[in-house]
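Q: Every number in the working numbering is 205 more than the matching position in the sequence shown, counting from 1. Structure below; questions to follow.
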Amino acid sequence: MKSSLTCLTVLLMVLGFVSGARAETVSIVKINGDVVIEENTKVRNVVVFGGQITVHGTVEQNVVAIGGSAVLTRTAVVGGDVVALGGIIAVGNGADVRGTVTEINSSNISDAISDLLSDDWEGWSWLFAIFSLVVFVTTLVIAMPIVALIPKPIVTISEGIALHTYRATIAGFIGLLMIAPVAVLLTLSVIGIVLIPLEMILVICAAFFGFIAVARNLGKRALSLAKKPNDSLVRQTFWGLLILWIIGWIPYVGWMIKVLAIVLGLGGVMITRFGTKKA
């Protein structure tokens, strides 16, 4: 449950940054770098990926460090939550934190596995969190080289989805519904039986490429709202995959949104013929 709340907090932080930027309230988002909030300095939110956050001043809402740590000195004031995913949180004497302080790191994971082995239900929540994180990291490891090495099909698919969203959605649903009937038809011949694994590989590749394209569109939109519309394709895809992963933690509707993204992506692949033809 704590993992779900943590990921939901990160999602709210991203959304909070966008709305904050629109209202010209200072929020800080940084990738692969450290952030220092000096004393007598006030900001709205601080989000850092792959770096350390050091707070001497005031953060009105939340502090989130992903792949890094957060240090709150004695003069620090944080109006919301402090979250460190993959790092630690150091709170100095006198620091004022009005929300919750949450760490998720290797020691937490070890405790979670111990709880799981001792039949603690909280362990199951942690086990799911670990599995989700592994899937997310694996997706990044596969997706980033694809986007960097063969960007043209991804761009074509994502543009097809953006321009023909309704058509791509319908095509995606039809594609999903046709998987089983096609497999049954293939079983009617010896050659067809051999082709069934090929059909499955084709469907998986199509769904994966489509999911990357949907993530690219989402990341592009988020960066555009953050006034960085001309960012690289790799960075757009990274942000999109991160947002989709976080959305997946939203209770009840998160998994439905991710399934819809897969269906939409599959349809995008179909209407662009694997990114070889503009829709």
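We put the CB at the ideal spot given by N, CA and C, even for glycine.
(1) My output table needs one value for Ile293: the three-state DSSP class, helix, strand or coil.
(2) Would you please state the rounded distance, in angstroms, between the beta carbons of Thr259 and Val276? I believe it to be under 8 Å.
(3) Can at least three beta-carbon pairs, one atom from the stretch 389-405 and one from the stretch 436-453, be found at a separation below 8 Å?
(4) At which residues does the beta strand (DSSP E) containing Val234 begin and terminate?
(5) So for Ala431, helix, strand or coil by DSSP?
(6) Pull up the distance between the alpha-carbon of Gly299 and that of Ser232, whole angstroms please.
(7) Between the alpha carbons of Arg372 and Glu265, how many angstroms are there, rounded?
(8) Can you say whether Phe416 is buried or exposed, counting buried as having 16 or more other CB atoms within 10 angstroms of its CB?
(9) What's the gap between the Cα of Val395 and the Cα of Leu403?
(10) Identify, in the order they occur along the chain, each residue of the same chain with its Cβ nearer than 8 Å to the Cβ of Val240, setting aside the five sequence neighbours on each side.
(11) Check the C-beta distance from Leu381 over to Leu471 and give it rounded, since I have them as a contact under 8 Å.
(12) Could you say which of Ala295, Val302, Asn237, Arg249 lies nearest to Gly272 if we only look at CA atoms?
(13) How is the alpha helix (DSSP H) around Thr305 delimited, first residue to last?
(14) Output needed for Met475: all residues of its chain with C-beta closer than 6 Å, excluding positions within five of it in sequence on either side, in chain order.
(15) DSSP state of Val458, grouped into three classes?
(16) Going by beta carbon distance, what residues of the same chain come within less than 7 Å of Trp530, once the five residues before and after it are set aside?
A: On the basis of the supplied data:
(1) coil
(2) 5 Å
(3) no
(4) 233-236
(5) coil
(6) 24 Å
(7) 44 Å
(8) buried
(9) 14 Å
(10) Ile233, Val251, Val253, Gly256, Gln257, Ile258, Thr259
(11) 7 Å
(12) Asn237
(13) Here Thr305 belongs to no alpha helix (DSSP H), and DSSP marks it neither H nor E.
(14) Ala376, Gly380
(15) coil
(16) The structure shown does not extend to residue 530, since the chain is modelled only from 206 to 484, so the question has no answer here.
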